[in-house]
Structures are given as C-alpha cells and as structure tokens.
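Asker: In terms of my numbering, the first sequence is numbered consecutively and its last residue is 712.
Glycine included, every Cβ here is placed at the ideal spot set by N, Cα and C.
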Amino acid sequence: MSSNFIHDIIDADLASGKHSEVVTRFPPEPNGYLHIGHAKAICLDFGTALKYGGRCHLRYDDTNPTAEDTEYVGAIEEDVRWLGFDWGKNLFWASDYFDRMYECAVELIQMGKAYVCDLSVDAFKEYRGVPHLPGKEPAGRNRSIEENLELFEKMKAGEFADGAYVLRAKIDMNSPNLHMRDPAIYRIKHASHHNTGDKWCIYPMYDFAHCLEDSIEGVTHSLCTLEFEVHRPLYDWILETLSLYQPHQYEFARLNLTYTIMSKRKLLELVKEKLVSNWDDPRMPTICGMRRRGYTPEAVRAFCTEIGITKTESLTDVALLEHHVRTDLNEIAPRRMAVLDPLKVVITTYPEGQSEEFELPNHPQKPETGTRTVPFAREIFIERDDFMEEPVKKFFRLAPGTEVRLRGAYLVTCTDVIKDANGNIVELHCTHDPDSRGGNAPDGRKVKGTIHWVSAQHGIKAEVRLYDRLFTSENPAAEEGDFKDYLNPDSLKVITGIIEPGLASANPGDKFQFERIGYFCADPDTTESKPVFNRTVGLREAASKQA
RNA sequence: UGCCCGAUGGUGUAAUGGUAGCACAGCAGACUCUGAAUCUGCUUGUCUAGGUUCAAAUCCUAGUCGGGCAACCA
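1. Taking the C-alpha atoms as reference points, what is the distance between proline 666 and isoleucine 472?
2. Can you tell me which residues form a DSSP beta bridge with leucine 571?
3. In three-state DSSP terms, what is tyrosine 424?
4. What whole-angstrom Cβ distance do threonine 701 and phenylalanine 685 have, given they're in contact under 8 Å?
5. List the DSSP bridge partners of tryptophan 258.
6. To the nearest angstrom, how far is the alpha carbon of threonine 692 from that of threonine 451?
7. Could you spell out where the beta strand (DSSP E) holding lysine 440 opens and where it closes?
8. Look up cysteine 595 in the DSSP assignment and give the residues it is bridged to.
9. Kindly indicate which residue of Pro299, Phe698 and Asp226 has the alpha-carbon position closest to the one of leucine 631.
10. Closer than 6 Å by C-beta to glycine 323: which residues in its own chain qualify, once you throw out the five before and the five after it? Chain order, please.
11. Within 10 Å of its beta-carbon, does threonine 189 have 16 or more other beta-carbons around it, so buried, or fewer, so exposed?
12. Which of the three DSSP states is assigned to alanine 671 in this structure?
13. How about the stretch 410-428 and the stretch 633-640: do they share at least three Cβ pairs that are nearer than 8 Å?
14. Taking the Cβ atom as the reference point for each residue, do leucine 399 and proline 348 lie within a distance shorter than 8 Å?
15. Helix, strand or coil for glutamine 678 per DSSP?
16. State the start and end residues of the unbroken beta strand (DSSP E) segment that holds tyrosine 280.
17. Just to confirm, is the Cβ distance from proline 195 to glutamate 242 under 8 Å?
18. Since phenylalanine 560 contacts methionine 553 with CB under 8 Å, what's their CB separation in whole angstroms?
19. Please report the straight-line C-alpha distance between valine 295 and histidine 344, rounded to a whole angstrom.
20. Do you know whose CA, among Gly614, Leu505 and Ala498, lies nearest proline 529's CA?
21. Does the separation of the CB atoms of alanine 204 and valine 483 fall below 8 Å?
22. Check whether the Cβ atoms of tyrosine 330 and aspartate 283 lie closer than 8 Å to each other.
23. Suppose you measure from the CA of tyrosine 217 to the CA of aspartate 178; what does that come to, to the nearest Å?
24. Contact defined as beta carbons within less than 8 Å: I believe arginine 572 pairs with glycine 609. What is the distance between those atoms, to the nearest angstrom?
25. Rounded to the nearest angstrom, how far is the Cβ of threonine 580 from that of glutamate 568, given a contact under 8 Å?
26. Taking C-alpha atoms, which residue in Cys469, Thr514 and Glu548 lies nearest to phenylalanine 211?
27. In the DSSP assignment, the alpha helix (DSSP H) including cysteine 366 goes from what residue to what residue?
28. Sort out for me which residues DSSP pairs glutamine 414 with in a bridge.
29. Determine, using beta-carbon pairs with one atom in the stretch 475-493 and one in the stretch 518-529, whether at least three such pairs fall under 8 Å.
30. Would the stretch 218-226 and the stretch 250-261 be scored as touching if the rule is three or more Cβ pairs under 8 Å?
31. In chain order, what residues of the same chain lie with their CB nearer than 6 Å to the CB of aspartate 688, ignoring the 5 residues before and after it?
32. Could you give the C-beta distance for valine 511 and histidine 617, rounded to a whole number, given that I count them as a contact under 8 Å?
33. State the Cα-Cα distance for the pair leucine 657 and aspartate 633, rounded to the nearest angstrom.
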C-alpha cells in the first residue's frame, strides 16, 4: 500500500530501533455491520501490517454486553475475509482480558489513583463542569483506599444496582481536557455477556479497556479515527500509571462519501424502518451491501489506497469509488447482451422460421477469454432509445432509412415504423444485408452505429434491479432536519429485461458487462426460473450521447 | 466559551525549505463492431496578513474558516 503520515512514523520508529516489528489491530465492537468506512480502517490496519511484515489482530471490543450481539461476529469476519485480509491466529476478545482489567483497576485503587463514586450521571456532570472553568472535586474522591477497595469488591459482587456506583480514575478535575476530569472506568451492568456469561456485573469502559487490550497484545501502533484524539492523554495516563507497555495511538480522518451516510445508528434506522431491504441492500454503504451490488474487493481496496490516510476531514466523491469499480469490472467481466427497455424489430428480409447462431467474444480486448454463441432470428428486441423517429443531430443509432449494425450479426436498415392507435411506436421493420453476416459488409462501407439486440424467440425474461444513489443530497448527514427526508425515491427501479439465453444460467455473484449499458451481477434471489440481476454501476456515458 | 486537530484546483491526495505533481470529475480531439475501454490535449489550486530565509505549500506569529471533545457508548 502507498505511504502516508503513519507509515512515515513507523519508518522512523523502525529506523530508531524503537520498534523492531509492527503490530496493529482492527477492533470492531460487534454491534453492527461493517461499512466502507470500516473498509478504510481495515485496509490501513491490515495493509500496514502486511507492508511491514508484521501482524494485525482482529479484536472484538466487546466491553458493553447490552449493546452487542454475536449475530454480528460472523458477518464481521466474512467481510474482513472478503476484503482479502487474514488475521491468522490473531483473533482476540476484549472480554478475555476482564480478569486482568479488574486487577489493573484494583491496582489503581491501591495506588490512590482510582475511587468509587456514588454520584449519579447528572450529579457528576455538574462536578465535571464546563471546559473553560475548573470542575469540583466529588466528596468520594477522598475516600480511603480501604473503603474504595471494599466498595469496588461489592460492586463486583453484585451488591449494588446498575448506576449506584462507578469507579473513576482520580486524575484532574481542573483539566482543560474533559476526558481527564476523573473519567469513569468501570460501571455496574447486571447483564449477561455472550462470552463471560454472568461472571461479571461490572464492565470496563472503553477508555480503560482499550489501552489495556492494546498493551496486553503488544500492539505497536494503535490506529483509530480523529474523534479519539482527545482520549489519547487518558490512554497514555492509564498505561503510564500502571507502568505497562505503552503502544502509541495515532488518529486519522474517517471516510465520508457523497450521497450516503456512514453512521451505524442511521444505517440501522434505514433497516428497521424497512427503507432498505436489509443490511445487505445493494444501496447500503455496508461491505455486504457492496458485495451484493457487485463491487469487488479489489475495487474497494484500490479505492481505499487511492483516498489515502490523512488528518484532514473530507467528503470523498462516490464517483471515485465507482471509477475503481468500473476499472476492475472492465477487466474481469464477460460481455453479454441484454435489452432493458425492449422494442420489437422484425427483419422482413430474414426468412420466417429460420434462426442461426453467432459466435461473439466474451471480451473483445481479451480474445483469450473465448467466445459464446448467441442465437439470432427474424424477430429481435432492441433498446427503445436506440431508435429515434426524428433523429437529433449526431444520433448514430437507428432511425427511418438509416443503417446500423446489430452487434456481431448483420447490418440492418429501418424501413417501417409501426404504431398503435395512440401513436406509440410498437414495432420496427428492417431489412438486412445478408452479405454482412458477422457485422461487416463486403464492400467495406462504414456504419457508425452499433446496437445490441436479443432474439425475441430465444431471449429470456429477467428481473433487473436498477440501483441509484440512496440520497439526493451530497451530504445527507449535514442537512437540516431528518436525513431520511433526503432519500432518493428513485434509488431502486425494478424492471423486466430480455437477456441473451446463456445468461439464464448465471449463478449469484456472477458479474457481467451488459454491453452499452453497464455492469450487472446475478443477485442471490436468482432462481432457475427467474434470473435476477443487479446493476452494479452504469457505463460511463459521453455527454454528447443524447437519447 | 476552554482545550485539541485541520486547511493544496470542483473532489481526494503528493511535494518532509529548492520546478506545485498524480488520480477522479469536466471539456476537446483521435480511435472504435460497446457513444464503453484505450490514446492525446486542455481548463482549474497552496485560507488571509505579517515575519524568518538566497529560496516558504512547507518554519514562526496573528487572524479566518472547518471539525472534535463536555455517556455510567465505542
């Protein structure tokens, strides 16, 4: 992976001998699905370990049993693997360290560096005060070490209700950094934990747990997002006070993408209110959503590399992601023909009842990928907007009296336009040049327009889901009012298209380029009787192409 | 309001005191059996004001603007 300010620091650490190896970690809380923002972190954490020949731990930060669910654990692992990363044996749980964390808390109390506080959330808020004024010292701050030890023991023994007491680090009620004003490090939660069951009714807070986890695991560079910057002094204080090995925390800017949201809470809201089908709805910025949409791990990784790692907050244009998706798909996706808005064409000069097969390349630029056969007959479908009765200038496609190439088949000329009683075009009649079999005329005449087609007799109906951006606003989270007011009502259009017959046997996840339209992949909803395709991303379209 | 962080074309990023570069997007053209891909060219930028220096995007000072922090969440 390319370099960034964190790698500059690592280079210096390695050169100075401060570290001889690099250990990072990706520490998700199992409380939701991973999204493209996590992908950025995963690429950084694992990519950095890979670059320096170190290791990256996958660690579940499961310190809050009321927020977490093992439902998410499998999904997280699947997503990290799909992205192409491997934690090997380095799978850890914060909850496995609960005993050691408890001992550390006791040690802090014994040092006179932590105390049990009986103030309610609201009461302590008053003592903590506001940033520009000093806080007040709670009375419990001067409790004896013995009494603190006893109270903490009772907290652990379950003698108190949730919220009755909390263990606080005794730091500085006058610190300009609010996180240093005697932060809570243990709270009472009578909740069973997926891993430790009912063994504990007190659980460590993030600030206390995370630095210990990193220290215990020998992490060298603990990478997180910018909002944790003000937590770093606390991270350092705890490890220094306990005389433990101190990893260094470095912060980088989280990813924001145009036309979507990245907040787990808001994403959950969309799922719960059924505004999307589920976490893996192809419109979601989740990793499973992108996978279902047809994005490839290679494209997502290339995107993450491209956007880089900085401390500058930014809003990245989703076009950049789509660019990498197209770039990868262009390389790997076999070409097929599908008509999404069918208009029937009768080749009047083609014998009734006759059909033939054409051999078309899977990828014109990659002959080594072979060919497939596509049936042709007298009646075919073409795309409705590939015909204009009164063509605008620079319209290269079919119009009355003009000749176009049916991709890989024949040159045809439109002779008649058939309309219904309302004047709607329902059918076209064309003649074909039998000598142009394969698509080229022996006389070498140039035909500018080439359009795709599917035989009416052989084509298969398929459900095609056309996805567009989820929101109409570039930055829905920054808009006034409810972000859901900015949902794009046209983010999903379901249509029935006609696909070339070979496409009917596509398996879920198979990716194709529907020529002249875009990249599509077979959805898991696909069955033998009903193929379902998702539009991953459209082809780039020259602005001069007007329909 | 206190502390912390940041600011380079429309967007994302590089330049580590010495030619402001790359990618995306946009525009124009070439090529083309995909109006795709490919190729060529073009437009557009160092937040402001001072200072240090032979030389400043880079260092210093002040300001402006943006963000973060005031859960018994992570």
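Answerer: Taking the structure as given:
1. 40 Å
2. Ile616
3. coil
4. 6 Å
5. Tyr225
6. 25 Å
7. Here the sequence assigns leucine to residue 440, which means lysine is not the residue at that position. Where leucine 440 is concerned, there is no enclosing beta strand (DSSP E), given that its DSSP letter is neither H nor E.
8. Ile512 and Cys579
9. Phe698
10. Cys366
11. buried
12. coil
13. yes
14. yes
15. strand
16. 279-282
17. no
18. 6 Å
19. 12 Å
20. Ala498
21. no
22. yes
23. 12 Å
24. Not really, about 19 Å apart at Cβ, beyond 8 Å.
25. Not quite, the Cβ-Cβ distance comes to about 11 Å (not below 8 Å), so this is no contact.
26. Cys469
27. Premise fails: cysteine 366 is in no alpha helix (DSSP H) and is neither H nor E.
28. Ser387
29. no
30. yes
31. Val697 and Asn699
32. So it is not a contact: roughly 17 Å between Cβ atoms.
33. 6 Å
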